[in-house]
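First up is the structure itself, then whatever we jot down about it.
2 protein chains.
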Amino acid sequence: MIEVGGAIIDKDTVIAEPVYLVLDGDIIERYERGTYPCEGGEPVNLIRKPNRVAIPGLVNTHGHAAMTLLRGAGDDLPLMTWLNERIFPLEDKLTEDAIYWGTQLAAWEMLVSGTTTYTDMYMMMDHAAKAVAESGIRAVLSVGVVGFNDVSRENGMQRSRSFHGNWHRQASGRITVTLGPHAPYTCPPDYLTEIAELAKELDVPIQIHLSETQTEVVNSQGDHSLTPIALAEKVGLFDVPTLAAHCVHVTDADLDIMARRGVRIAHNPQSNLKLGSGIAPLPKMLEKGIVVGLGTDGAASNNNLDMFEEMRLAATLHKGVAQDAEVIPAAVAFDLATAMGAKACFLGQLHGTLKPGAAADIVLLDAASPHLLPQHNLLSNVVYACGADDVRDVFVAGRQVVSGGEPLTIDVERVRAEVARIKEQLVK
Amino acid sequence: MIEVGGAIIDKDTVIAEPVYLVLDGDIIERYERGTYPCEGGEPVNLIRKPNRVAIPGLVNTHGHAAMTLLRGAGDDLPLMTWLNERIFPLEDKLTEDAIYWGTQLAAWEMLVSGTTTYTDMYMMMDHAAKAVAESGIRAVLSVGVVGFNDVSRENGMQRSRSFHGNWHRQASGRITVTLGPHAPYTCPPDYLTEIAELAKELDVPIQIHLSETQTEVVNSQGDHSLTPIALAEKVGLFDVPTLAAHCVHVTDADLDIMARRGVRIAHNPQSNLKLGSGIAPLPKMLEKGIVVGLGTDGAASNNNLDMFEEMRLAATLHKGVAQDAEVIPAAVAFDLATAMGAKACFLGQLHGTLKPGAAADIVLLDAASPHLLPQHNLLSNVVYACGADDVRDVFVAGRQVVSGGEPLTIDVERVRAEVARIKEQLVK
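Listed in order, the protein sequences are those of chains A and B. Just so you know, we're using the UniProt record's numbering here: the first sequence kicks off at 1 and counts up by one. Just so you know, we're using the UniProt record's numbering here: the second sequence kicks off at 1 and counts up by one.
Written out as structure tokens, the structure is:
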């Protein structure tokens, strides 16, 4: 039982008065307006926080968690210089130990900033999954695979299959596994088909990068006479539920394909800006009825994992581009960062809300923060004013993982020491 | 004496190792690398914070502080609907008491998020200045004036003159006063000339809004056959040092005028996005050698006063627009938010740095925050990863005003209560 001074149940239900949430294990059983009527002497498991506002945990629909280790290792560089001269040489040195500690750092950063679910596509994922299991966060994980040659192709298939066997629905159901072909420019068409077949066999969705940069689209047109999205459809990828990250350089025809095939999009506004990729047409995606979530991308291209920033940027950036202040109103941005984001990464219909039956993934904000003063409009304050600094308590699957801004499940001193050690190894 | 684990002295001097700052009253006397060599038994006024990183206090070059009272009172609306139906009716009800408490709320929010200097153009400014004096923040204040008729014109001149007499260089020099003609569309040409004459007489600069929206520029062309910036030059405004806010819709000729006349610009990226005004050509402004600072604008159009967000947005937004990751690198964004911002609002050459002789306006960030891990590049981490949640201790003019994230100079419980009371009066 969690009693708070206000709550945003979902984008349509904003309660600016006391309310309590009744939990049943890892699920929200119901919410009731008012304060909890404690009956004399009866012991109840009640957390009473009148100076908090409850919101659903934020859902980060695209990222590469252990890239926290590469935060600030290369900035203000053209994409290919950044990748080839900074990121790839460092990634070559990443060990299983590094992936584990890098993911611990990411889980810490995400939990204390109000993210309770994230998606990941990276390497040595058993060690990422271990960090997820231990930190208490919820995650949709995939082995990132590329098909440069027969060895990498075969490795990708084997590792994906084995990772699925090891971790799908593990950690009390907090981990779900998808497949993770990196992109059409790193996975040849017949390999994408093969991966789609494996996804059907395992009955899991796919995460992939699509149409992130203009260059990628131009090259795809040159090589295949198709956009990356048209190519992905042609090879059968969209026969499987798919979450496509970025989709910055898309045609109307691309978006029509995605709408028709039910492809979800992870919109990463800050990463797309920082890498100079461009600005994805979010309003048009939503007009076409595409399910969109928000993502931070990895911390090497963002450079943090703060979903409040992505939510605010999704709400403001497209207003500026369109010169129209009515584009992406606060409720839509909130939905993208919570319930629609959860749909984008294949979680249940109620996920990302505080409705009865939803997973008990709950974030309590400090109602006494200047960002929540005064309260003309609670939803607006959360979307346009609040930040990571307002997150006080966090619950995932009914378990408290952050208290008073401090993580309960992560040994932060140890993470600091290990990350410092690994950084020295990387730059040696 | 403040000893820390690292410091950014200015955009060019980043010290990722222990360093101590020696203060002389309200001034930084010098900084030295290493830890402070305490001599046996000798008492020193030493604050020892090895787990902090020092940066200059951030400088917010445009805003309307007491608009915190209107935070969330109107969002996702076209500019004129927003102003006429939401903001103006509420502003009509603002009292001197409201201005005082709204400014206290703003000072609280700014100090705990690392802003030590801000600019203000609003109403009943004696009461704003009182809140500045008491809260310990530094401010460049102006009475916002409009010239709709003879009464408003005369009031504007009288109030500006009296406010200057009351507050210029007061609060131990933390307050400087400028004149604040609102905009060319609210102040007729001959009134702008009159204000420029008063500025010359008082020997103070001017703050004004210029070319914020496309409509404003179109109307100015229609009414005067000149852009707002060309008009401002013609009427003699730029004969006085001027800080122009926004400058979103500017021609090359406009920017050439500003460069030639030494006009400063306050770039407000988030407010310009949120109100649907557009995206100002920051890279071109800097190429032309114009001095630019960053601003939040008022909390009714942002909706917070967090300069870390503006610094990050200035660094990322223009990369995305230009599709060029090399535009506005981290050091430039840092400079805009600190030293160049200080020049933009007419403070001393050293202001916004931690160099010897600079004002002792210092922010200490939590070096143990996930945002500062690992430290591949301290400056990048501060610009691209840190946020208000990393601010721990803040000093203005050598006096500590925030400790461990909590303001020392502001009665936050009182502010909360007064702001809640005033909000009820406003919406009644």
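For every residue, glycine included, the Cβ atom is placed at its ideal position computed from N, Cα and C.
Can you tell me the Cα-Cα spacing of MET311 (chain A) and ASN377 (chain B), whole angstroms? If you number the first sequence from 1, residue 311 (chain A) lands on position 311. If you number the second sequence from 1, residue 377 (chain B) lands on position 377. Rounded to whole angstroms, MET311 (chain A) to ASN377 (chain B) spans 26 Å at the Cα level.
Strictly under 7 Å for the Cβ-Cβ distance: is LEU366 (chain A) near chain B by that measure? As a working note, residue 366 (chain A) is residue 366 in the first sequence. The amino acid occupying residue 366 (chain A) in the given sequence is Asp; Leu does not appear at that position. ASP366 (chain A) does not count as touching chain B.
Classify GLN425 (chain B) as helix, strand or coil using the three-state DSSP reduction. Along the second sequence, read from residue 1 onward, the residue named residue 425 (chain B) stands at position 425. GLN425 (chain B) sits in a helix when the DSSP states are folded into three classes.
In angstroms, rounded to a whole number, what distance separates the CA positions of ASP411 (chain A) and VAL401 (chain A)? Locating residue 411 (chain A) in the first sequence gives position 411, counting from the first residue. Locating residue 401 (chain A) in the first sequence gives position 401, counting from the first residue. If I take the Cα positions, the gap works out to 12 Å.
Since SER142 (chain A) and VAL112 (chain A) are thought to touch, with beta carbons under 8 Å apart, how far apart are those beta carbons, to the nearest angstrom? Sequence index remark: in the first sequence, residue 142 (chain A) carries index 142 (1-based). Sequence index remark: in the first sequence, residue 112 (chain A) carries index 112 (1-based). That pair is no contact at about 25 Å.
List the residues of chain B that LEU317 (chain A) touches, going by C-beta distances under 7 Å, in chain order. For the purposes of this step, residue 317 (chain A) is taken as residue 317 along the first sequence, with counting starting at 1. Those are LEU273, listed as they occur along chain B.
Between which two residues does the alpha helix (DSSP H) containing PRO189 (chain A) stretch? Here residue 189 (chain A) corresponds to residue number 189 of the first sequence, with the count starting at 1. Residues 189-202.
8 Å Cβ cut-off: residues of chain A touching LEU77 (chain B): Position 77 of the second sequence, counted from the start, is the residue given in the question as residue 77 (chain B). Correct list: ALA325 and GLU326.
Cβ atoms of SER277 (chain A) and ASP297 (chain A): under 7 Å apart, would you say? Residue numbering aside, residue 297 (chain A) sits at position 297 when the first sequence is read from its first letter. Residue numbering aside, residue 277 (chain A) sits at position 277 when the first sequence is read from its first letter. In terms of Cβ geometry, ASP297 (chain A) and SER277 (chain A) do not form a close pair [threshold 7 Å].
Between the Cα of LEU305 (chain A) and those of A:THR103, A:ILE229 and A:ILE8, spot the shortest distance and give me the residue it belongs to. Taking the first sequence and counting its residues from 1, one reaches residue 305 (chain A) at position 305. Among A:THR103, A:ILE229 and A:ILE8, the Cα nearest to that of LEU305 (chain A) is on A:THR103.
Hey, out of A:ALA54, A:ALA128 and A:ALA397, whose CA is closest to ASP97 (chain A)'s CA? Counting from one through the first sequence, the residue named residue 97 (chain A) turns up at place 97. Per the Cα distances, A:ALA128.
Under 7 Å, Cβ to Cβ, is there at least one residue of chain A near LYS200 (chain B)? If you number the second sequence from 1, residue 200 (chain B) lands on position 200. Interface annotation, LYS200 (chain B): not in contact with chain A, CB-CB separation never under 7 Å.
Secondary structure of ILE229 (chain A), DSSP reduced to three states: Within the first sequence, the letter at position 229 stands for residue 229 (chain A). If DSSP states are grouped into helix, strand and coil, ILE229 (chain A) belongs with the helices.
Determine, using beta carbons only, whether LEU373 (chain A) comes closer than 7 Å to chain B. Position 373 of the first sequence, counted from the first residue, corresponds to residue 373 (chain A). By this cut-off, LEU373 (chain A) is an interface position.
Cβ pair GLY289 (chain A), ALA266 (chain A) closer than 7 Å: The count along the first sequence starts at 1 and reaches residue 289 (chain A) at position 289. The count along the first sequence starts at 1 and reaches residue 266 (chain A) at position 266. Contact flag unset, no.
Can you tell me whether ASN60 (chain A) is buried or exposed? The criterion is at least 16 other CB atoms within 10 Å of its CB, across all chains shown. Start at 1 with the first residue of the first sequence, and residue 60 (chain A) comes out as number 60. Label assigned to ASN60 (chain A): buried.
For the stretch 100-132 of chain B, which residues have a beta carbon sitting closer than 7 Å to at least one beta carbon of chain A? Result list: LEU105, TRP108 and GLU109.
For PHE395 (chain A), write down the residues that DSSP places opposite it in a beta bridge. Start at 1 with the first residue of the first sequence, and residue 395 (chain A) comes out as number 395. Answer is A:ILE362 and A:GLN400.
I'd like the span of the beta strand (DSSP E) that includes ASP120 (chain A), first residue to last. Numbered from 1 along the first sequence, position 120 holds the residue referred to as residue 120 (chain A). For ASP120 (chain A), the enclosing beta strand (DSSP E) has its first and last residue at 115-122.
According to the neighbour-count rule (16 or more other Cβ atoms, all chains shown, within 10 Å of its Cβ), is CYS38 (chain A) buried or exposed? Counting from 1 along the first sequence, the entry for residue 38 (chain A) is found at position 38. Exposed.
Taking Cβ positions, are THR186 (chain B) and GLY236 (chain B) nearer each other than 7 Å? As a working note, residue 186 (chain B) is residue 186 in the second sequence. As a working note, residue 236 (chain B) is residue 236 in the second sequence. No, the Cβ-Cβ distance between THR186 (chain B) and GLY236 (chain B) is not below 7 Å.
For GLU154 (chain A), is the classification buried or exposed, using 16 other Cβ atoms within 10 angstroms of its Cβ as the cut-off for buried? Numbered from 1 along the first sequence, position 154 holds the residue referred to as residue 154 (chain A). Counting of Cβ neighbours within 10 angstroms places GLU154 (chain A) among the exposed residues, the total staying below 16.
For chain B, find out if any of its Cβ atoms is closer than 7 Å to the Cβ of VAL53 (chain A); answer yes or no. Indexing the first sequence from 1 puts residue 53 (chain A) at position 53. Taking Cβ atoms only, chain B never reaches closer than 7 Å to VAL53 (chain A), which makes this a no.
Where do the ends of the alpha helix (DSSP H) carrying THR215 (chain A) lie? As a position in the first sequence, residue 215 (chain A) is number 215, starting the count at 1. The continuous alpha helix (DSSP H) containing THR215 (chain A) extends over residues 214-224.
Check whether the Cβ atoms of TYR122 (chain B) and MET110 (chain B) sit closer than 7 Å, and answer yes or no. Translated into the one-based positions of the second sequence, residue 122 (chain B) becomes position 122. Translated into the one-based positions of the second sequence, residue 110 (chain B) becomes position 110. Contact: no.
Where GLY180 (chain A) sits in the DSSP three-state scheme: Here the question's residue 180 (chain A) lines up with position 180 in the first sequence. GLY180 (chain A) sits in a strand when the DSSP states are folded into three classes.
Let me check one thing: in DSSP terms, what residues is HIS246 (chain A) bridge-paired to? To locate residue 246 (chain A), count along the first sequence from 1; it is residue 246. According to DSSP, which records beta bridges pairwise, HIS246 (chain A) is partnered with A:LEU210.
Could you list which residues in chain A have their beta carbon closer than 7 Å to that of ARG416 (chain B), in chain order? Reading the second sequence from its first residue, position 416 is the one you call residue 416 (chain B). Neighbours of ARG416 (chain B) on chain A, chain order: ALA368 and LEU373.
Can you name the residues of chain A whose CB is closer than 8 Å to the CB of TYR185 (chain B)? Translated into the one-based positions of the second sequence, residue 185 (chain B) becomes position 185. In chain order: nothing, as chain A lies at least about 18 Å away.
Identify each residue in the stretch 371-399 of chain A for which the Cβ-Cβ distance to at least one residue of chain B is less than 7 Å, and report them in chain order. Answer set for the stretch 371-399 of chain A: HIS371, LEU373, PRO374, HIS376, ASN377, SER380, ASN381, TYR384, ALA385, GLY387, ALA388 and ASP389.
Just reading off the beta strand (DSSP E) that HIS267 (chain B) is part of, what are its end residues? Walking along the second sequence from the start, residue 267 (chain B) turns up at place 267. HIS267 (chain B) -> beta strand (DSSP E) spans 264-267.
In whole angstroms, give me the CA-to-CA distance for LEU231 (chain A) and THR115 (chain A). Translated into positions along the first sequence, residue 231 (chain A) becomes position 231. Translated into positions along the first sequence, residue 115 (chain A) becomes position 115. Between LEU231 (chain A) and THR115 (chain A), the C-alpha separation is close to 33 Å.
Taking the alpha-carbon positions, what's the PRO329 (chain B) to GLU406 (chain A) distance? For the purposes of this step, residue 329 (chain B) is identified with residue 329 of the second sequence, where counting begins at 1. For the purposes of this step, residue 406 (chain A) is identified with residue 406 of the first sequence, where counting begins at 1. C-alpha separation (whole angstroms): 32 Å.
Give the secondary structure of TYR384 (chain A) by DSSP, where H, G and I count as helix, E and B as strand, and everything else as coil. Sequence index remark: in the first sequence, residue 384 (chain A) carries index 384 (1-based). Helix at TYR384 (chain A).
Out of curiosity, what's the CA-to-CA distance linking LYS343 (chain B) and CYS247 (chain B)? Counting from one through the second sequence, the residue named residue 343 (chain B) turns up at place 343. Counting from one through the second sequence, the residue named residue 247 (chain B) turns up at place 247. Taken atom to atom, the span from the alpha-carbon of LYS343 (chain B) to that of CYS247 (chain B) is near 17 Å.
Quick test of your reading: LEU94 (chain A) and ALA66 (chain A), contact by CB under 8 Å. State the CB separation rounded to the nearest angstrom. Your numbering for residue 94 (chain A) matches position 94 in the first sequence. Your numbering for residue 66 (chain A) matches position 66 in the first sequence. Between ALA66 (chain A) and LEU94 (chain A) the Cβ distance is about 7 Å, and since that is below 8 Å, they are a contact.
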